[in-house]
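S.K.:
Residue numbers (the numbering used here), protein chains in the order written: chain U, 158 to 274; chain B, 158 to 274.
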């Protein structure tokens with residue numbers, strides 16, 4: 158998995174365990190997609206200071222994941238849900254279903270996609 | 158939700174953030190299903206001491222949940238998966254499916270049940 162996506166997932170899961178200041182920086186970095194220079198400017202910090210905060214925060218999040226492993230479980234589960242989804246799609250394509258069944262399976266597929274992403 | 162089941166879920170999610178000693182007690186309590194008196198006997202503690210450890214541990218776990226909310230998300234998600242499962246079961250019962258589709262949907266139902274429980 159892409160390292161940025163992985164760090165982002167760690168932040169989604171464990172971010173509230175960081176300090177408010179660390180969260181402020183990571184919110185700008187991940188949610189508002191600002192560059193280090195832009196964050197530095199916004200928060201009156203040096204670019205190096207922002208870099209250090211992000212680096213230390215990501216290390217802290219990684220340690221929480223090492224202890225709890227909840228993101229790893231989540232990723233496995235998403236894979237399983239996506240696999241189920243693929244199977245239901247196959248049924249929808251290959252079998253002659255009545256309209257009601259088609260509707261239900263389409264809804265289920267959409268809902269599974271939402272849950273798995 | 159039953160309070161014991163809820164505490165158990167908190168422990169499943171955040172237990173690794175407790176001390177080894179707290180984990181030792183909660184493992185005996187939740188996994189081996191021992192009584193307070195039995196745990197006290199096993200670990201050479203007083204019954205009151207065991208009670209205090211469990212109480213303090215559950216409070217710590219509850220605080221992690223208050224901060225992170227991951228168990229609450231999990232419960233909502235299980236509800237959604239169970240609802241999808243109910244719908245797929247309806248299709249399986251009410252529509253005339255070919256054997257391959259039946260097999261796939263039955264597998265999907267079983268797999269969803271595993272993920273949601």
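Virtual Cβ for every residue (Gly too), placed ideally from N, Cα, C.
These figures come from a predicted structure and were not determined experimentally.
Measuring alpha carbon to alpha carbon, tell me which of U:180, U:201, U:207, U:184 ends up nearest residue 193 (chain U).
M.R.: Out of U:180, U:201, U:207, U:184, U:207 has the C-alpha closest to the C-alpha of residue 193 (chain U).
S.K.: I'd like to know whether the C-beta of residue 207 (chain B) is nearer than 9 Å to at least one C-beta of chain U.
M.R.: No, because no Cβ of chain U sits closer than 9 Å to the Cβ of residue 207 (chain B).
S.K.: Between which two residues does the alpha helix (DSSP H) carrying residue 239 (chain B) extend?
M.R.: Looking at the DSSP string, the run of the alpha helix (DSSP H) that includes residue 239 (chain B) is 227 to 251.
S.K.: Taking contact to mean at least 3 C-beta pairs separated by less than 8 Å, is the region 196 to 203 of chain U in contact with the region 212 to 231 of chain U?
M.R.: Judged by Cβ distances under 8 Å, the region 196 to 203 of chain U makes no contact with the region 212 to 231 of chain U, as fewer than three pairs qualify.
S.K.: Name the two residues that bound the continuous alpha helix (DSSP H) containing residue 257 (chain U).
M.R.: Residue 257 (chain U) -> alpha helix (DSSP H) spans 256 to 273.
S.K.: Roughly how many angstroms lie between the CA atoms of residue 240 (chain B) and residue 270 (chain B), to the nearest whole one?
M.R.: Rounded to whole angstroms, residue 240 (chain B) to residue 270 (chain B) spans 11 Å at the Cα level.
S.K.: Would residue 243 (chain B) be called buried (16 or more neighbouring beta carbons within 10 Å of its own) or exposed?
M.R.: Per the 10 Å Cβ criterion, exposed.
S.K.: On a CA-only basis, which of B:272, B:273, B:274, B:169 is nearest residue 219 (chain B)? Give me that one, please.
M.R.: For residue 219 (chain B), the nearest C-alpha among the options comes from B:169.
S.K.: Can you give me the Cβ contacts of residue 229 (chain B) inside the same chain, cut-off strictly under 8 Å, excluding the 5 residues immediately before and after it?
M.R.: Within the same chain, residue 229 (chain B) has close Cβ partners 222.
S.K.: Quick one: is residue 170 (chain B) near chain U, going by C-beta distance under 9 Å?
M.R.: By this cut-off, residue 170 (chain B) is an interface position.
S.K.: Use the C-beta contact count for residue 172 (chain B): other C-beta atoms within 10 angstroms, 16 or more gives buried, fewer gives exposed.
M.R.: Buried is the call here.
S.K.: Helix, strand or coil for residue 214 (chain B)? Go by DSSP, reduced to three states.
M.R.: In the structure shown, residue 214 (chain B) sits in a helix (DSSP, three-state: H, G or I).
S.K.: I'd like to know whether the C-beta of residue 176 (chain U) is nearer than 9 Å to at least one C-beta of chain B.
M.R.: Not closer than 9 Å to any Cβ of chain B, the Cβ of residue 176 (chain U) fails to qualify, so no.
S.K.: What does a CB cutoff of less than 8 Å around residue 265 (chain B) pick up in its chain, not counting 5 residues either side in sequence?
M.R.: Cβ within range, chain order: 245.
S.K.: Residue 247 (chain U): which of B:258, B:248, B:254, B:272 sits nearest, CA to CA?
M.R.: Per the Cα distances, B:258.
S.K.: Would you tell me roughly how many angstroms separate the C-alpha atoms of residue 190 (chain B) and residue 233 (chain U), rounded to the nearest one?
M.R.: Cα to Cα, residue 190 (chain B) sits roughly 29 Å from residue 233 (chain U).
S.K.: Can you list, in chain order, the residues of its chain with a C-beta nearer than 6 Å to that of residue 227 (chain B)? Leave out the 5 residues immediately preceding and following it.
M.R.: Contacts found: 170.
S.K.: What residue range does the alpha helix (DSSP H) around residue 183 (chain B) cover?
M.R.: That run of the alpha helix (DSSP H) goes 177 to 183.
S.K.: Going along the region 177 to 206 of chain U in order, which residues come within less than 7 Å of chain B, judged by CB to CB distance?
M.R.: Under the 7 Å Cβ criterion, the region 177 to 206 of chain U contributes no residue.
S.K.: So, under 8 Å CB-CB, residue 272 (chain B) and residue 238 (chain B) are touching, yes? Tell me the CB distance rounded to an integer number of Å.
M.R.: Residue 272 (chain B) to residue 238 (chain B), Cβ: 6 Å. Contact.
S.K.: Any idea if residue 179 (chain B) is buried or exposed, counting beta-carbon neighbours within 10 angstroms, 16 or more meaning buried?
M.R.: Buried, because 16 or more other Cβ atoms sit within 10 Å of the Cβ of residue 179 (chain B).
S.K.: What separation, rounded to the nearest whole angstrom, lies between the Cα atoms of residue 274 (chain U) and residue 205 (chain B)?
M.R.: Each residue's alpha carbon lies about 46 Å from the other.
S.K.: Can you give me the Cβ contacts of residue 174 (chain B) inside the same chain, cut-off strictly under 7 Å, excluding the 5 residues immediately before and after it?
M.R.: Closer than 7 Å at the Cβ level, and outside the excluded window around residue 174 (chain B), lie 221.
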